[in-house]
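Novice:
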Amino acid sequence: MLTDQEMLEIAERFMKRIVDKETEAVILHEETIKKPYGNIYFFQAKEFLLTRDFNKVLTNNPPFLVEKEKGRVVNLGPLRRLEYEIQAYENGTMKPTMDLYWYPDEDRFSRE
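Using this note's numbering, read the sequence shown as starting at 53 and increasing by one per residue.
1) What do you get for Val109, buried or exposed, if any count of 16 or more other CB atoms within 10 angstroms of its CB means buried?
2) Output needed for Val118: all residues of its chain with C-beta closer than 6 Å, excluding positions within five of it in sequence on either side, in chain order.
3) Tell me, please, whether the region 154 to 164 touches the region 72 to 81 by the rule of three or more beta-carbon pairs shorter than 8 Å.
4) Leaving out five residues before and five after Leu134 in sequence, what residues of the same chain have Cβ atoms less than 7 Å from its Cβ?
5) My output table needs one value for Leu117: the three-state DSSP class, helix, strand or coil.
6) Give a yes or no on whether the C-beta atoms belonging to Met67 and Phe100 are separated by under 7 Å.
7) When the Cα of Lys86 is compared with those of Thr145, Gln57 and Glu164, which residue comes out closest?
8) Assuming Lys86 is part of the beta strand (DSSP E), what are its boundary residues?
9) At what residues does the alpha helix (DSSP H) containing Arg65 begin and finish?
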């Protein structure tokens, strides 16, 4: 089982992996949702948060889950409400996509 700090470190690595190299993004700590099986993280461009300049806002930055047991990252998708995505995860009914999961130890995306 991972600690909150270990899950946060994985979340930061994942965020840096998927965000453009020229953009500094930050985890929105106050928005983190803690579940028994892991933490759900939200993130945004630091420059947008400081300036509120909508030209700097990150789009297509859906929340993601870091699983407490193994550290696998689960993309929760930008198209449906978060509650639906959480329910689908909990029920095991998430639709597989090529980048549904990210394995931090291997730095690879997978649908399984």
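Using N, Cα and C, we set each Cβ at its ideal position, and we do this for glycine too.
In this text, all values refer to a predicted model and were calculated from it rather than measured experimentally.
Specialist: The relevant details are as follows:
1) By the 16-neighbour rule on beta-carbons within 10 angstroms, Val109 is exposed.
2) For Val118, where only same-chain residues beyond five positions count, the Cβ hits under 6 Å are Met59, Ile62, Ala63, Gly90, Asn91 and Val125.
3) Three or more beta-carbon pairs separated by less than 8 Å are not found between the region 154 to 164 and the region 72 to 81, which leaves the two stretches without contact.
4) Contacts found: Pro115 and Leu128.
5) If DSSP states are grouped into helix, strand and coil, Leu117 belongs with the strands.
6) Not in contact: Met67 and Phe100 (Cβ atoms no closer than 7 Å).
7) Measuring from the Cα of Lys86, the nearest candidate turns out to be Gln57.
8) Where Lys86 is concerned, the enclosing beta strand (DSSP E) stretches over Ile85 to Lys87.
9) Residues Asp56 to Ile70.
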